[in-house]
Structure formats: structure tokens, C-alpha cells
Amino acid sequence: MTSEPGSKERGQQEAEPAAGLLVSLRRLFGHGLELVQIRVEQISLEFEAEKLRLFGALIQSLLALLLAAAALGMLSLCLLLMTPEPWRWVTALVLGLFYLALAWICWQRAGRQLSQPGGAFAGTVAELGRDRSALEP
Numbered sequence: 046m047t048s049e050p051g052s053k054e055r056g057q058q059e060a061e062p063a064a065g066l067l068v069s070l071r072r073l074f075g076h077g078l079e080l081v082q083i084r085v086e087q088i089s090l091e092f093e094a095e096k097l098r099l100f101g102a103l104i105q106s107l108l109a110l111l112l113a114a115a116a117l118g119m120l121s122l123c124l125l126l127m128t129p130e131p132w133r134w135v136t137a138l139v140l141g142l143f144y145l146a147l148a149w150i151c152w153q154r155a156g157r158q159l160s161q162p163g164g165a166f167a168g169t170v171a172e173l174g175r176d177r178s179a180l181e182p
């Protein structure tokens, strides 16, 4: 039972392509996982930035509302007290309509500020689109 030297070499040669394929598959899987990890980190960063932007806008809006309400109340009261008795209802009506118009303008501006083109995760969507186009033949 002597083994031929050529038979060992053939077995090794057949095992080498299978091992090379396995290494390539592992490498491909590793790169895929790395790509997924990068995209998840990017989504996380964009979510954090969006959260901070919204929180900052909310704090500034609330502070502006409080200060504006205090100022408007004091100025309106002062103006109503300075108006002669028969004309106070007209003054109150004009002030109310003026405040309503200002409130509507502020509401519109806040809506424009929060409606950012592309949405909250525009960068991530663009990167995923590039990834998909790179994988297409």
C-alpha cells in the first residue's frame, strides 16, 4: 500500500480552492458587516443631530413665547388704561386682531423652519442609494 506522490498533491490542490473560496466569503461577509455598522452609526449620528436641533428650537420657542406673553400683557394693559373709557372695547378688539395676525405669522415661520428639505435622514438615504447602485451590475 504505497501511496502515490501525485495523489497527495491532487488532494491538496482540490482543498486549496475550497479554502480560498471560504476565505473570500469570510472577507466578503466581514466587509458587509462593516458596511452595515457604518450605516447604523451614521443613522445614529443623524438622529442625535436632529434631536438636538428640535430640542433647541423647542427651548427657544418656549422662551420666546413666555417673554412675548409677558411683554404683550403689560403693554396691552398699559394701552387699555391710557385709552378713554368709551374706546377701550375698540382698542381691545384691535389689539386682539393684531396679536392673532402675529401668532399666525409665527406659526408659519416655525413650520418653514422645521420642514427641512430631504428630511431627517437625508444623508443616510443618499449613502444607502449609493451602496445599492454600486451593487447593481
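Residue numbering for the sequence shown follows the numbering used here, beginning at 46 and increasing consecutively.
Glycine included, each C-beta is placed from N, C-alpha and C at the ideal position.
GLU79 places its beta carbon 8 Å or farther from that of THR169. Bounds of the alpha helix (DSSP H) holding GLU172 are 167-180. In this structure, the beta-carbon distance from GLN87 to GLU172 falls below 8 Å.
Per DSSP, TRP132 lies in no alpha helix (DSSP H) segment and is marked neither H nor E. Judged by their CB atoms, ALA102 and GLN158 are nearer to each other than the 8 Å cut-off. When secondary structure is reduced to three states using DSSP, SER69 falls in the helix class. In this structure, LEU125 keeps its C-beta atom at 8 Å or more from the C-beta atom of ALA113. In this structure, TYR144 places its C-beta atom within 8 Å of the C-beta atom of LEU117. Annotated three-state conformation of SER160 is coil, per DSSP.
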